[in-house]
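Colleague: Take the sequence shown: its letter number 262 is residue 262 in the UniProt record's numbering, and every next letter is one higher.
Ideal Cβ positions, reconstructed from N, Cα and C, are used throughout, including at glycine.
All figures in this text were calculated on a predicted structure; none of them were measured in a lab.
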Amino acid sequence: MQNVYSDLFLLENQLPFFVLERFYAIATGGRGRDHLVTSLLAKYLTVETPQDAATAKPPDGEILHLLHLYYHWFLPPQDEDAAVPPAGGNNKVTEEEEAFNEWLAKPMDERLPWLLPSASELEDAGVTFRAKKSPRSLVDVTFRARDGVLEIPAVESYTNRAMFANLLAYEQSRGRWELQRLMSYVVLMASVASHGRRDVDILQRAGVFVKGDEETAAFYAHLGELCGGAAAGTPGVANNCYADMFRDVREYCGRSWNRHRAVLAHDYFSNPWTSMSAAAAVLLLVLTVVQTVYTVLPYYHP
């Protein structure tokens, strides 16, 4: 049965959705598209996301096939997606060339790398990780530049690697200039978990990883393999939904004060004992200064 389930979501096995609708209507005595969509989501939804299959609604517009339906449930459209020009059209090549030339004209440090440092490197640079509350989807990742907080939705499932691969394959099949939200997420997570155990521990303490065992590290290592050319900057500037956020994170990490503050917090305020020692040292310094002032003062004001 598991093999049948896996085959249903292979990109090369997808049937036009109207064919499934016709078969479903015959099998159920005329039930329509909405009932079919709800049944499919409730039966086959196994990848953990912030969405609820019981309350899932059919996406607006045409459904191409089962994997297309799953993709739009897994990554529901967001308001900012509307700003991305749709694929197709007579001006597509011209728009791609103009965007590519604009990107090529930028300094090299603004073009590459389109990856993030690891979680341990980000933490050393003053970035704080938090599990995002009430995310809209798995890819709803945000960065607050004012205080260096990177919020990532909690990840609970690490087992359905085949589904991730199928969703990535579908996303790539839409055309290289489409917004690649899942690929962007994979690149981000493979980057922050790239140093293995230490990164996993940091993300687990933040609540981003619900599990913190070797399975987690193995899963994200696999995601990194799915990225393929991620190290070469894929997905590129035009279709990476985190491009602006990556730039903000790099700028934040480049400020020396943020790094010094992180070192201070780690070395002196990471646990109650070091905090008490630091406070005692500061108090001793203040008392020493006060004592020195009172000792020297009589010489100037007898």
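Just list the alpha helix (DSSP H) runs in the segment 165–199, keeping only unbroken ones of 4 residues or longer that don't cross its boundaries, in chain order.
Modeller: Those alpha helix (DSSP H) runs which fall completely within the segment 165–199 and span 4+ residues are 181–192.
Colleague: State buried or exposed for Q291, treating a residue as buried only when at least 16 other CB atoms are found within 10 Å of its CB.
Modeller: Exposed, by the Cβ-count rule.
Colleague: May I ask you to report which of helix, strand or coil DSSP gives L11?
Modeller: Note: L11 maps to helix in three-state DSSP.
Colleague: Helix or strand or just coil, what does DSSP make of L66?
Modeller: Correct three-state label for L66: helix.
Colleague: Whole angstroms are fine: how far does the CA of C253 sit from the CA of V237?
Modeller: For V237, the predicted model reports a pLDDT of 48, less than 50, meaning its position is unreliable and no value from the coordinates is stated.
Colleague: For A206 versus F143, is the C-beta distance shorter than 7 Å?
Modeller: Contact: no.
Colleague: Report the rounded CA-to-CA distance for H68 versus K133, giving the unit in angstroms.
Modeller: Looking at the two C-alpha atoms, the distance is approximately 27 Å.
Colleague: Counting only the same chain and skipping the five closest in sequence on each side, list residues whose C-beta sits under 7 Å from that of L188.
Modeller: Only L116, V141, Y242 meet the Cβ criterion.
Colleague: Strictly under 7 Å for the Cβ-Cβ distance: is E12 near chain D by that measure?
Modeller: Note that chain D does not occur in the displayed structure, where there is just one protein chain.
Colleague: Quick check: what's the CA-CA separation for P16 versus H65?
Modeller: If I take the Cα positions, the gap works out to 5 Å.
Colleague: I believe L168 touches V186 by the beta-carbon criterion, under 8 Å. Please report the beta-carbon distance rounded to the nearest angstrom.
Modeller: With 8 Å as the limit, L168 and V186 qualify as a contact, their Cβ atoms being about 7 Å apart.
Colleague: Less than 7 Å between the C-beta atoms of A154 and V208, yes or no?
Modeller: Yes, the Cβ-Cβ distance between A154 and V208 is below 7 Å.
Colleague: What are the boundary residues of the beta strand (DSSP E) that V149 is part of?
Modeller: Note, V149: beta strand (DSSP E), 149–152.
Colleague: Short check: CB of A125 to CB of V192, under 7 Å?
Modeller: No; because the gap between Cβ atoms is not below 7 Å, this pair is not in contact.
Colleague: Please state if the CB of R161 and the CB of H222 are separated by a distance shorter than 7 Å.
Modeller: Yes; because the gap between Cβ atoms is below 7 Å, this pair is in contact.
Colleague: Should N13 be listed as close to the ligand NAD, given that the test is whether its C-beta is under 6 Å from any heavy atom?
Modeller: As far as ligands go, the structure on display features none, and thus does not contain the ligand NAD.
Colleague: If you count every other CB in all the chains shown that lies within 10 Å of the CB of L284, and 16 or more means buried, which is it?
Modeller: Exposed, because fewer than 16 other Cβ atoms sit within 10 Å of the Cβ of L284.
Colleague: Tell me whether V19 sits in a helix, a strand or coil according to DSSP, three-state version.
Modeller: Of the three classes helix, strand and coil, the one that applies to V19 here is helix, per DSSP.
Colleague: May I have the straight-line CA-CA distance separating E121 from R250, to the nearest angstrom?
Modeller: About 11 Å.
Colleague: So L10 and S173 are in contact, right, with Cβ under 8 Å, and what is the actual spacing, rounded?
Modeller: Not quite, the Cβ-Cβ distance comes to about 12 Å (not below 8 Å), so this is no contact.
Colleague: Closest to F164 by CA distance: which of V200, R181, H195, E123 is it?
Modeller: F164 has its Cα closest to that of R181, out of V200, R181, H195, E123.
Colleague: Three-state secondary structure (DSSP) at R250?
Modeller: If DSSP states are grouped into helix, strand and coil, R250 belongs with the helices.
Colleague: Would you mind stating whether L36 and Y24 have Cβ atoms separated by less than 7 Å?
Modeller: Result yes, Cβ atoms of L36 and Y24 sit closer than 7 Å.
Colleague: Could you check how far apart the C-beta atoms of E171 and Y71 are, in whole angstroms? I think they sit under 8 Å.
Modeller: Indeed, because the Cβ distance is near 7 Å, the residues count as touching under 8 Å.
Colleague: Pick helix, strand or coil for C241, following the three-state DSSP scheme.
Modeller: The answer is coil: DSSP assigns C241 none of H, G, I, E or B.
Colleague: Would you call E123 buried or exposed, if buried means 16 or more other Cβ atoms sit within 10 Å of its Cβ?
Modeller: Looking at its Cβ environment, which holds 16 or more other Cβ atoms inside 10 Å, E123 is buried.
Colleague: Exposed or buried, what is G29 when buried is set at 16 or more other beta-carbons lying within 10 Å of its beta-carbon?
Modeller: So G29 counts as exposed.
Colleague: Output yes or no for whether 7 Å exceeds the beta carbon distance between E156 and V210.
Modeller: In this structure, V210 lies closer than 7 Å to E156 by Cβ.
Colleague: Let me check understanding here. Comparing Cα to Cα, which of Y220, M183, G196 lies closest to A190?
Modeller: Comparing Cα positions, the closest option is Y220.
Colleague: By how many angstroms is the C-alpha of N239 removed from the C-alpha of D7?
Modeller: Answer to the nearest angstrom: the Cα atoms are 29 Å apart.
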